[in-house]
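Under our numbering, the letters of the sequence shown match residues 216 to 338, in that order. C-beta atoms are modelled at their ideal positions from N, C-alpha and C, and glycine is treated no differently. Here's the structure we're looking at; comments come further down.
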Amino acid sequence: MAIAAIVTGALLVLMGAGFYVGLTPHHFTALIPAVLGFIIFILGLVARNEKMRRHAMHGAMLFALIGFLGSLMGIPSWINMIQGKAAFRPEAAQEQFLMFIVCGVFLIMWINSFVKARKAVAE
């Protein structure tokens, strides 16, 4: 799971930097995924140490959960975009949707890993 945290963090950093550079004018809020991704990336590197793995992965999951829940603020814009209506700051809505997907997949992978580890301990 440490590698998954590293990849997820890198994806979020690239996504945040890409949207920041791509937006005119630049909005600092586009860097929110990059900040969360950087923290997840660092925690993924820390999780490569066997003694620190549990704590680092729980920390990575906390920040992924923050990103997942924070991205839910874009739901009204997503609905408007699906219906073909104008959305306020559509680029922000697109970035929130991508962050929702990336963090959601990482959360699902972590929950699956957690369940498997608990079953292995119980056996």
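Among the residues of its own chain, which have a CB less than 7 Å from the CB of residue i, if the five just before and after it don't count?
i, result
"Phe321", "Ala219, Thr223, Ala279"
"Ile221", "Phe256, Gly259, Leu260"
"Ile290", "none"
"Met267", "Val261"
Looking at C-alpha atoms only, which residue of the options is the closest neighbour of residue i?
i, options, result
"Leu251", "Ile290, Lys334, Trp293, Leu229", "Leu229"
"Ser286", "Gly319, Tyr235, Leu238", "Gly319"
"Gly345", "Trp293, Pro240, Glu310, Lys300", "Given a span of 216 to 338 for the chain in the structure shown, any question on residue 345 remains unanswerable."
"Ala217", "Ala332, Met296, Glu265, Phe303", "Glu265"
"Leu226", "Leu313, Lys334, Met296, Val336", "Leu313"
Residue i lies in the alpha helix (DSSP H); which residues open and close that run?
i, result
"Phe234", "217–237"
"Arg333", "305–337"
"Met296", "290–297"
Using C-beta distances below 6 Å, list every residue in its chain close to residue i, excluding the 5 sequence neighbours before and after it, in chain order.
i, result
"Phe192", "For the chain, the structure presents residues 216 to 338; residue 192 sits outside this window and is missing."
"Ala271", "Leu258, Val261, Ala262"
"Phe253", "Val228"
"Gly274", "Leu258"
Whose C-beta lies closer than 8 Å to the C-beta of residue i among residues of the same chain, with five residues either side of it excluded?
i, result
"Thr244", "Ala307"
Can you check the segment 239–271 for any beta strand (DSSP E) of at least 3 residues that lies completely inside it and give the ranges in chain order? If you keep only unbroken beta strand (DSSP E) runs of at least 3 residues inside the segment 239–271, you get nothing at all.
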